[in-house]
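>
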Amino acid sequence: MQIEINVLLFELALTFYFIATIAGILEIFRGKKTSSRLALYLAATGFLFHTANIVVRYIEGGHIPVTNMHEATSFFSWCVLVLFFFHEFRYKLGLLSSFIMPIVFLLMFSSSIFPREIKVLSPVLQSYWFGIHVVLAFLGDAAFAMACGIGIMYLLQERYVKSKHLGGLFRKLPSLQVLDEINYHLITLGFPLLTFAMITGVIWANSAWGTYWRWDPKEVWSLITWLIYALVLHLRLTIGWRGKKAAILSIAGFVIVIFAFFGVTIILKGRHVFM
Amino acid sequence: MDILVVGLNHKTAAIEIREKVAFDGPKLDAANKILKNSKAVKESIILSTCNRVEIYAGVNDANSGIEGIKDFISDFHKVPKDLLAKSLYIHKGYEAIRHMYRVASSLDSMVVGEPQILGQLKDAFDTALKNKTTGVILNKLMRKAVSVAKRIRTETGIAESAVSISFAAVELAKKIFDDLSSKAFMLIGAGEMAELAARHLINNGVKDVFVTNRTMSRAEELAHAFHGKAIPFDGFVQELLHTDIVICSTGAPDYILMKEQAHKTMKDRKQKPMFIIDISVPRNIDPRINDLDNVYLYDVDNLQGIVDSNIQVRSKEAEKAEEIVDEEIDSFLKWNASLSATPTILALRNMAEEIRKSELEKTLKKLGPMEEDRIKAIDNLTVSIVNKLIHPPTASLKSGEEDKEQMLDIVQKIFNLEIDSYNNDKT
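Here the protein sequences line up with chains U and P, keeping their order.
Under the working numbering, the first sequence has 77 at position 74, and the numbering climbs by one with no breaks.
Under the working numbering, the second sequence has 439 at position 27, and the numbering climbs by one with no breaks.
1) U/L179 CB to nearest chain P CB: under 8 Å?
2) Inspect the CB distances between the region 73–85 of chain U and the region 110–117 of chain U and report whether three or more fall short of 8 Å.
3) Taking the Cβ atom as the reference point for each residue, do U/A16 and U/H53 lie within a distance shorter than 8 Å?
4) Any beta-carbon of chain P closer than 8 Å to the one on U/T268?
5) Using CA atoms only, rank isn't needed, just tell me which of P/L809, P/I701, P/A425 is closest to P/M819.
6) What is the DSSP secondary structure of P/K641, reduced to helix, strand or coil?
7) Keeping to the same chain, check which residues put their C-beta closer than 8 Å to that of P/D821; ignore five residues upstream and five downstream.
8) Helix, strand or coil: how does DSSP classify P/C462 here?
9) Against chain P, with Cβ distances strictly below 8 Å, would U/V137 count as a contact?
10) At a CB distance below 8 Å, what residues from the region 227–259 of chain U approach chain P? Give them in sequence order.
11) Buried or exposed: which applies to P/K838, given that a residue is buried once 16 or more other Cβ atoms fall within 10 Å of its Cβ?
12) Given U/W244, which residues of its chain have a CB within under 6 Å of its CB, disregarding the five upstream and five downstream residues?
13) Kindly identify the DSSP beta-bridge partner or partners of P/T624.
14) Measure from the C-beta of P/P685 to each C-beta in chain U and report whether the shortest distance is under 8 Å.
15) Enumerate in chain order the residues of its own chain whose CB-to-CB distance from U/K175 is below 6 Å, with the five nearest sequence positions on each side excluded.
16) Is it right to say P/N835 is buried, meaning 16 or more other beta carbons lie within 10 angstroms of its own, or is it exposed?
17) Does the region 716–736 of chain P come close enough to the region 628–644 of chain P to have 3 or more Cβ pairs within less than 8 Å?
18) What residues in its chain sit with their C-beta under 8 Å from that of U/P105, if we drop five residues either side in the sequence?
19) Does the pairing of the region 182–191 of chain U with the region 125–138 of chain U give three or more beta-carbon distances under 8 Å?
20) Buried or exposed: which applies to P/S661, given that a residue is buried once 16 or more other Cβ atoms fall within 10 Å of its Cβ?
21) Just by C-beta distance, which residues in the region 162–173 of chain U are closer than 9 Å to chain P?
22) Quick one: Cα of P/T726 to Cα of P/A536, how far?
23) Here's the rule: buried if 16 or more other CB atoms are within 10 angstroms of the residue's CB, otherwise exposed. What is P/A426?
24) Return no unless some Cβ of chain U is closer than 8 Å to the Cβ of P/F589.
25) Measure the CB-CB distance between U/G154 and U/Y163 and report whether it falls below 8 Å.
26) Starting from the beta carbon of P/Y710, find every residue of chain U whose beta carbon is closer than 8 Å, and list them in chain order.
27) If I'm right that P/L420 touches P/V465 with Cβ under 8 Å, what's the distance once you round it to whole angstroms?
28) Can you list, in chain order, the stretches of the alpha helix (DSSP H) that have 4 or more residues and sit fully within the region 109–178 of chain U?
29) Nearest to U/I121 by CA position, among U/A146, U/P68, U/V137, is which residue?
30) Measure the CB-CB distance between P/V798 and P/A764 and report whether it falls below 8 Å.
31) Does the region 522–529 of chain P come into contact with the region 429–447 of chain P, if we say contact requires no fewer than three beta-carbon pairs (one atom in each stretch) closer than 8 Å?
32) Does P/S833 pass the burial test, meaning 16 or more other C-beta atoms within 10 Å, or should it be called exposed?
33) Have a look at U/R60 and U/V10 and give me their C-alpha separation to the nearest angstrom.
34) For U/I254, which residues of its own chain have a beta-carbon under 7 Å away from its beta-carbon, when the five flanking residues on both sides are left out?
35) Going residue by residue through the region 43–115 of chain U, where are the continuous alpha helix (DSSP H) segments of at least 4 residues, counting only ones entirely within it?
36) Does the structure place the region 786–794 of chain P close enough to the region 433–444 of chain P that three or more beta carbon pairs sit under 8 Å?
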């Protein structure tokens with residue numbers, strides 16, 4: 004019975020995210036000067052169902068539901084939404100939902116493709132490090148997802164200002180400085196989260212398998228991701244790689260994150276494979 | 413009552429005539445007092461700005477009202493009537509309401525969408541209220557005009573985009589930097605357009621102001637006017653290190669800032685963005701600078717291009733605004749039509765009749781079976797009570813007294829009458 008409830012909640016969340024994505028995209032083409040908050044409300048409704056889905060699965064499984072691809076991807080998109088709502092209320096950025104909701108929806112949609120059964124966590128993984136590790140890792144990835152969306156917004160706005168054709172979204176998009184600053188904040192948030200996720204992962208690995216690091220594909224790609232964002236921060240602070248360059252790097256960085264997340268799990272198997 | 417507008421504006425009258433008939437300063441109160449005592453004009457508002465002089469009026473008879481207002485303007489300003497006749501426009505009823513809405517929403521302005529006119533109209537209304545020259549009709553119309561203007565401002569983009577070069581510069585600066593209060597601004601050279609743009613930027617709160625000029629005394633003069641700091645001309649490139657927004661307007665025959673210099677400056681300031689506006693003709697800033705990352709260079713043609721496309725956007729938005737105006741005129745006319753006596757009297761009668769019937773029925777039921785002529789007598793009694801009660805109000809509503817509109821409005825309110833008859837007096 005409970006499985007049915009969580010499936011229903013998941014489908015409701017997915018549906019609301021889909022409609023919110025459509026509303027967000029329509030918002031881009033809408034001629035009205037004032038921006039509608041429809042996409043935001045739809046996303047918030049979906050988020051409630053989504054949260055309920057995660058809670059139900061938590062109760063059923065007895066641990067944070069991130070033990071298979073379905074759960075992990077769903078939790079990933081839930082984390083993106085947490086950061087999205089925070090930024091929406093904090094900064095009220097025009098069109099933010101139009102650029103973030105598609106990412107959220109695509110994550111949820113991928114999640115819906117994977118098998119959904121609730122698995123019992125194998126004893127080797129049962130440790131409080133597990134919860135800390137995955138929450139840190141997904142929040143970090145969510146910050147990078149947001150930075151990617153904000154980076155796309157920056158590149159668009161930069162094109163308008165540079166090309167001197169101030170049509171289209173020029174008026175609705177936030178200013179270049181705000182987009183660049185938020186992009187930077189998100190990376191300074193994501194980077195330490197990823198760092199701590201790797202540290203806790205290493206500790207957990209040692210307690211579970213007795214080795215800290217085994218060059219498992221996931222570990223390698225996490226290291227690559229970590230190095231890329233370390234480079235983004237380094238270039239920014241030393242030689243002023245801000246603005247356009249920072250935006251492009253944060254989009255590229257997120258492509259690597261997505262590969263490390265889906266590609267590694269599906270193509271290159273390792274101990275992170277959810278089984 | 414008929415609504416009239418008699419007036420002239422920048423389209424119909426040259427400045428020489430407009431200034432002759434302007435009701436400026438103390439003249440406005442005096443004029444209001446004269447109109448208050450006019451027989452032809454029941455209600456009036458005088459709007460006098462540098463682009464228009466208009467009198468909005470509620471009159472009992474349109475023709476004598478128009479003549480009365482013309483006479484008044486001509487007498488007051490000692491301008492011959494035939495001179496006025498060429499410039500004056502006159503709108504009645506539907507067209508007058510439309511005109512007022514269009515003026516309030518800045519659709520009739522020289523620069524469509526400019527925000528001042530609404531404030532000027534409100535001031536004119538305040539003066540009229542102070543002098544008690546308005547009544548129920550113009551009060552309602554004026555409040556409606558203000559709300560129409562606000563609706564148009566929020567629902568359309570007529571006031572949205574900058575339509576002057578200096579506003580376009582500020583708008584761009586805000587889309588690059590967001591908050592200007594932590595930014596430093598430098599004016600290189602001088603000139604009317606550059607100084608205007610500089611003033612707009614300063615009014616938007618830039619933190620530091622630097623002024624430089626080949627003539628140091630001129631730089632100091634302008635720096636004083638802008639509460640800024642004068643810097644020597646040969647040192648301005650170094651100062652760019654701490655400058656975020658630059659306006660350049662010098663008479664130099666060639667570039668005073670080359671791409672290589674800007675490149676070095678950007679490196680030194682760790683790529684913090686710069687917005688450079690080159691108003692000079694011929695240009696003073698190497699146009700290749702726009703190719704550098706984080707530098708946004710606009711010349712006078714770029715800004716003019718933005719202004720031109722914004723004006724196009726505004727005129728498109730103005731079409732939407734005109735539709736809103738038409739919609740709102742209908743809603744005002746509905747209210748106005750309800751103020752004619754007949755539907756109000758009818759509604760009052762119907763209400764009384766309904767009450768009489770239902771009360772009569774109740775009483776007859778209680779009394780039980782009765783002879784036909786007794787029922788008839790009771791019926792007659794109720795009819796005559798009702799008629800006697802509603803006769804005085806209906807009679808005075810019909811009489812067309814001085815403040816008939818006000819009376820109708822009050823009667824409708826206290827009896828809670830719903831008037832749905834909408835006679836098309838779109839004349």
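Even for Gly, the Cβ is constructed at its ideal location relative to N, Cα and C.
The answer reads as follows:
1) Here residue 179 of chain U corresponds to residue number 176 of the first sequence, with the count starting at 1. Yes, contact with chain P.
2) Segments in contact, yes.
3) Reading the first sequence from its first residue, position 13 is the one you call residue 16 of chain U. Reading the first sequence from its first residue, position 50 is the one you call residue 53 of chain U. Less than 8 Å separates the beta-carbon of U/A16 from that of U/H53.
4) Here residue 268 of chain U refers to the residue found at position 265 of the first sequence. So, not an interface residue.
5) Taking the second sequence and counting its residues from 1, the one referred to as residue 819 of chain P is at position 407. Ranking the options by Cα distance to P/M819, first place goes to P/L809.
6) Taking the second sequence and counting its residues from 1, the one referred to as residue 641 of chain P is at position 229. Note: P/K641 maps to strand in three-state DSSP.
7) Counted from its first residue, the second sequence places residue 821 of chain P at position 409. Cβ within range, chain order: V548, L751.
8) Start at 1 with the first residue of the second sequence, and residue 462 of chain P comes out as number 50. Looking at P/C462 - three-state DSSP - the assignment turns out to be coil, as it is neither helix nor strand.
9) Here residue 137 of chain U refers to the residue found at position 134 when the first sequence is read from its first residue. For U/V137, the answer is no, since every Cβ of chain P falls outside 8 Å of its Cβ.
10) Listed by position, the residues of the region 227–259 of chain U near chain P (Cβ gap below 8 Å) are I242, G243, W244, R245, G246, K247, K248.
11) Residue 838 of chain P sits at position 426 when you count from the first residue of the second sequence. Confidence at P/K838 is low in this model, with a pLDDT of 33, below 50, so the placement of that residue should be treated as unreliable; the coordinate-derived value is given next. Label assigned to P/K838: exposed.
12) Stepping through the first sequence from its first residue, residue 244 of chain U is reached at position 241. Counting only Cβ-Cβ distances below 6 Å, and skipping sequence neighbours, we find L238.
13) Locating residue 624 of chain P in the second sequence gives position 212, counting from the first residue. Its beta-bridge partners are P/I600, P/I643.
14) Locating residue 685 of chain P in the second sequence gives position 273, where the first residue counts as 1. At a cut-off of 8 Å between beta carbons, P/P685 contacts chain U.
15) The count along the first sequence starts at 1 and reaches residue 175 of chain U at position 172. Answer for U/K175: G97, L98, listed in chain order.
16) As a position in the second sequence, residue 835 of chain P is number 423, starting the count at 1. With a pLDDT of 41 at P/N835, under the threshold of 50, the predicted position of this residue should be treated as unreliable, though the coordinate-derived value follows. That one is exposed.
17) Taking 8 Å as the limit for Cβ pairs, the verdict is that the region 628–644 of chain P does not touch the region 716–736 of chain P.
18) As a working note, residue 105 of chain U is residue 102 in the first sequence. T24, G27, I28, listed in sequence order.
19) In this structure the region 182–191 of chain U does not touch the region 125–138 of chain U; the number of beta carbon pairs closer than 8 Å is below three.
20) Translated into positions along the second sequence, residue 661 of chain P becomes position 249. Of the other Cβ atoms in all chains shown, 16 or more fall within 10 Å of the Cβ of P/S661; this residue is therefore buried.
21) Residues passing the 9 Å Cβ filter: Y163, V164, K165, K167, H168, L169, G170, F173.
22) Here residue 726 of chain P refers to the residue found at position 314 of the second sequence. Here residue 536 of chain P refers to the residue found at position 124 of the second sequence. The question names Thr, but residue 726 of chain P in the sequence shown is Arg. In this structure, the straight-line span from the alpha carbon of P/R726 to that of P/A536 is close to 27 Å.
23) The sequence position of residue 426 of chain P within the second sequence is 14, counting from 1. A residue is called buried once 16 or more other Cβ atoms fall within 10 Å of its Cβ, and P/A426, having fewer, is exposed.
24) Taking the second sequence and counting its residues from 1, the one referred to as residue 589 of chain P is at position 177. Yes, P/F589 counts as interfacial toward chain U.
25) If you number the first sequence from 1, residue 154 of chain U lands on position 151. If you number the first sequence from 1, residue 163 of chain U lands on position 160. In this structure, U/G154 sits away from U/Y163, with a CB-CB distance that is not shorter than 8 Å.
26) Reading the second sequence from its first residue, position 298 is the one you call residue 710 of chain P. Neighbours of P/Y710 across chain U, judged by C-beta separation under 8 Å: K167.
27) Residue numbering aside, residue 420 of chain P sits at position 8 when the second sequence is read from its first letter. Residue numbering aside, residue 465 of chain P sits at position 53 when the second sequence is read from its first letter. That pair is a contact at about 6 Å.
28) As far as the region 109–178 of chain U is concerned, its whole alpha helix (DSSP H) runs of at least 4 residues are 131–166.
29) For this step, residue 121 of chain U is matched to residue 118 along the first sequence. Nearest option by C-alpha distance: U/P68.
30) If you number the second sequence from 1, residue 798 of chain P lands on position 386. If you number the second sequence from 1, residue 764 of chain P lands on position 352. Taking 8 Å as the Cβ cut-off, P/V798 and P/A764 qualify as a contacting pair.
31) Counting C-beta pairs with one atom in each stretch, the region 522–529 of chain P and the region 429–447 of chain P have fewer than three that are closer than 8 Å, which means they do not touch.
32) Translated into positions along the second sequence, residue 833 of chain P becomes position 421. Any reading at P/S833 is ruled out, since the residue's pLDDT is 46, under 50, leaving its predicted position unreliable.
33) Numbered from its first residue, the first sequence carries residue 60 of chain U at position 57. Numbered from its first residue, the first sequence carries residue 10 of chain U at position 7. Looking at the two C-alpha atoms, the distance is approximately 10 Å.
34) As a first step, residue 254 of chain U is located in the first sequence; it is residue number 251 there, counting from the start. Listed in chain order, the non-local C-beta contacts of U/I254 below 7 Å within the same chain comprise C151, G154, I155, local neighbours out to five positions each way being set aside.
35) Taking only runs of at least 4 residues, the alpha helix (DSSP H) segments lying wholly in the region 43–115 of chain U are 72–94.
36) The region 433–444 of chain P, when compared against the region 786–794 of chain P, does not touch it at the 8 Å Cβ threshold.
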